[in-house]
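Numbering (my numbering), first residue to last: 79 to 429.
Below is the structure:
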């Protein structure tokens with residue numbers, strides 16, 4: 079049953095026509111139709127009319143340079159009006175720089191909105207995605223690291239605890255590297271492993287003052303709703319509650335979906351809803367329910383549509399049927415490996 083209108087959180091949807099103008103090249107899986115599928119899913123579920131659609135602003139050079147080098151910002155800017163290939167997977171077309179500026183700007187603007195209590199939550203339907211982009215390198219379909227730019231903006235606003243949950247099927251190497259020595263940002267990633275980009279091992283936990291504030295939860299291929307639910311309930315949720323972030327950011331990849339052509343996971347809509355529910359539970363502490371969800375990957379159009387609707391329903395205050403999990407020797411062993419590795423930093427996962 080839907081909550082009364084007065085009890086529903088205000089949720090912003092950041093979108094802009096320029097996001098459809100980013101051109102990754104002929105036949106590229108990261109294509110404009112992904113955003114049309116997301117919007118279709120919201121309309122078909124009767125959710126789009128309950129969102130406040132916002133046209134994002136561009137990120138400023140100063141905002142980008144909090145996580146990117148000046149040289150990298152300049153290299154991406156130089157692609158305006160041209161077609162430039164950064165690597166075999168990553169191309170900027172004539173309008174990609176404009177799209178990338180607004181993709182990062184949407185994440186920053188969403189952070190500003192929730193911190194200023196203009197809304198409780200936001201969904202940024204952006205492209206190009208961002209979590210693979212490193213400080214000085216575009217890669218993995220990504221030009222600027224949207225979530226990292228947003229997290230750095232939150233720190234600049236004075237926040238002391240920001241959590242990034244990255245459930246894209248690929249490890250967010252760029253986001254991890256940007257906050258690897260930063261104790262104010264907890265970066266937590268669940269991802270298929272071994273898989274592209276090859277980073278994200280369980281024992282990769284950060285360095286210096288940031289040791290323990292990088293949490294990697296690698297998963298073998300074939301994991302579905304029950305396995306993800308157990309990982310999120312038994313590991314992600316207790317760590318998040320112990321950290322008690324003042325702001326939650328989520329890198330929303332829909333590529334763990336069972337139908338996704340680029341990966342090997344078996345998650346369906348109830349699994350994505352379960353992950354969203356855990357994230358909102360974490361945000362229920364010091365963050366006061368504030369969360370910003372930023373689109374990353376996901377390449378099956380129907381999977382994007384249905385999964386985006388399942389997640390957005392939760393953002394709007396809807397309920398879901400919790401996912402349960404059967405006994406599994408494989409998962410017992412995996413959970414024990416997590417506990418052994420993480421208990422030094424996070425005693426809450428000792429079980």
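Cβ coordinates follow ideal geometry from the N, Cα and C atoms, glycine included.
Chain-order list of residues whose beta-carbon lies under 6 Å from that of residue 413 (same chain, five-residue window excluded): In the chain shown, residue 413 corresponds to position 335, counting from 1. The answer is none, since no qualifying residue turns up.
Option nearest residue 159 by Cα separation, candidates 249, 146, 177: Looking up residue 159 in the chain shown gives position 81. When each option's Cα is compared against that of residue 159, the closest is 177.
Where residue 122 falls: helix, strand or coil (DSSP): Locating residue 122 in the chain shown gives position 44, where the first residue counts as 1. Three-state DSSP puts residue 122 in a helix.
Residue 324, DSSP secondary structure in three states: Position 246 of the chain shown, counting from 1, holds the residue named residue 324. Of the three classes helix, strand and coil, the one that applies to residue 324 here is coil, per DSSP.
Contact the stretch 195-203 vs the stretch 237-247: 3+ CB pairs below 8 Å: no
Supposed contact pair residue 135 and residue 187 - C-beta distance, whole angstroms, cut 8 Å: Along the chain shown, read from residue 1 onward, the residue named residue 187 stands at position 109. Along the chain shown, read from residue 1 onward, the residue named residue 135 stands at position 57. That pair is a contact at about 6 Å.
Environment of residue 410 [buried if 16+ CB atoms lie within 10 Å]: As a working note, residue 410 is residue 332 in the chain shown. Result: exposed.
Extent of the continuous alpha helix (DSSP H) run through residue 390: Numbered from its first residue, the chain shown carries residue 390 at position 312. Note, residue 390: alpha helix (DSSP H), 379-393.
Selection from 280, 388, 274, 294 that minimises the alpha carbon distance to residue 265: Walking along the chain shown from the start, residue 265 turns up at place 187. It is 294 whose Cα lies nearest to the Cα of residue 265.
Endpoints, the beta strand (DSSP E) within which residue 92 is located: For the purposes of this step, residue 92 is taken as the residue at position 14 of the chain shown. Looking at the DSSP string, the run of the beta strand (DSSP E) that includes residue 92 is 89-92.
Exposed unless 16 or more other CB atoms sit within 10 angstroms - verdict on residue 385: By 1-based counting over the chain shown, the position of residue 385 is 307. By the neighbour-count rule (16 or more Cβ atoms within 10 Å), residue 385 is buried.
Beta-carbon proximity of residue 310 to residue 284, cut-off 7 Å: Walking along the chain shown from the start, residue 310 turns up at place 232. Walking along the chain shown from the start, residue 284 turns up at place 206. No, these two residues do not count as a Cβ contact at 7 Å.
Residue 192 to residue 221 span [Cα, whole Å]: Here residue 192 refers to the residue found at position 114 when the chain shown is read from its first residue. Here residue 221 refers to the residue found at position 143 when the chain shown is read from its first residue. In a straight line, the C-alpha of residue 192 is about 25 Å away from that of residue 221.
Assigned secondary structure, residue 234 (DSSP; H/G/I helix, E/B strand, else coil): Locating residue 234 in the chain shown gives position 156, counting from the first residue. Looking at residue 234 - three-state DSSP - the assignment turns out to be helix.
Between the CA atoms of residue 96 and residue 326 - distance to the nearest angstrom: Residue mapping note: residue 326 aligns to position 248 of the chain shown, counting from 1. Residue mapping note: residue 96 aligns to position 18 of the chain shown, counting from 1. Each residue's Cα considered, the two are about 26 Å apart.
Coil, strand or helix - residue 332 by DSSP: Numbered from 1 along the chain shown, position 254 holds the residue referred to as residue 332. In this structure, residue 332 counts as coil in the three-state DSSP scheme.
Same chain only: Cβ atoms within 6 Å of residue 129, ignoring 5 sequence neighbours per side: Along the chain shown, read from residue 1 onward, the residue named residue 129 stands at position 51. So the list reads 89, 91, once near-sequence residues are dropped.
Alpha helix (DSSP H) segment containing residue 417, residue limits: Position 339 of the chain shown holds residue 417. It spans 407-420 - the alpha helix (DSSP H) in which residue 417 sits, taken as one unbroken run.
Inter-residue Cα distance where the pair is residue 420 and residue 282: The residue you call residue 420 lines up with position 342 of the chain shown. The residue you call residue 282 lines up with position 204 of the chain shown. About 10 Å.
Proximity to residue 274 [Cα-Cα], best of 288, 340, 289: Reading the chain shown from its first residue, position 196 is the one you call residue 274. Residue 274 has its Cα closest to that of 340, out of 288, 340, 289.
Distance, residue 230 Cα to residue 87 Cα: Residue 87 sits at position 9 when you count from the first residue of the chain shown. Residue 230 sits at position 152 when you count from the first residue of the chain shown. Computed Cα separation, rounded: 25 Å.
Residue of 355, 330, 163, 380 minimising C-alpha distance to residue 308: Stepping through the chain shown from its first residue, residue 308 is reached at position 230. Checking every option, the nearest Cα to that of residue 308 belongs to 355.
Neighbour-count burial assignment, residue 133, 16 or more Cβ in a 10 Å radius: In the chain shown, residue 133 corresponds to position 55, counting from 1. Exposed, because fewer than 16 other Cβ atoms sit within 10 Å of the Cβ of residue 133.
Separation of residue 149 from residue 256, as counted between CA atoms: On the chain shown, residue 256 is found 178 positions in, with the first residue counted as 1. On the chain shown, residue 149 is found 71 positions in, with the first residue counted as 1. Approximately 16 Å between the Cα atoms of the pair.
Three or more C-beta pairs below 8 Å linking the stretch 137-154 and the stretch 111-121: no
Reduced DSSP secondary structure (H/G/I, E/B, other) of residue 112: Counting from one through the chain shown, the residue named residue 112 turns up at place 34. It is helical.
CB contact flag (residue 303, residue 272, <7 Å): Taking the first residue of the chain shown as position 1, residue 303 is located at position 225. Taking the first residue of the chain shown as position 1, residue 272 is located at position 194. No, these two residues do not count as a Cβ contact at 7 Å.
Test item: CB-CB of residue 388 and residue 336 under 7 Å: Locating residue 388 in the chain shown gives position 310, counting from the first residue. Locating residue 336 in the chain shown gives position 258, counting from the first residue. Contact: no.
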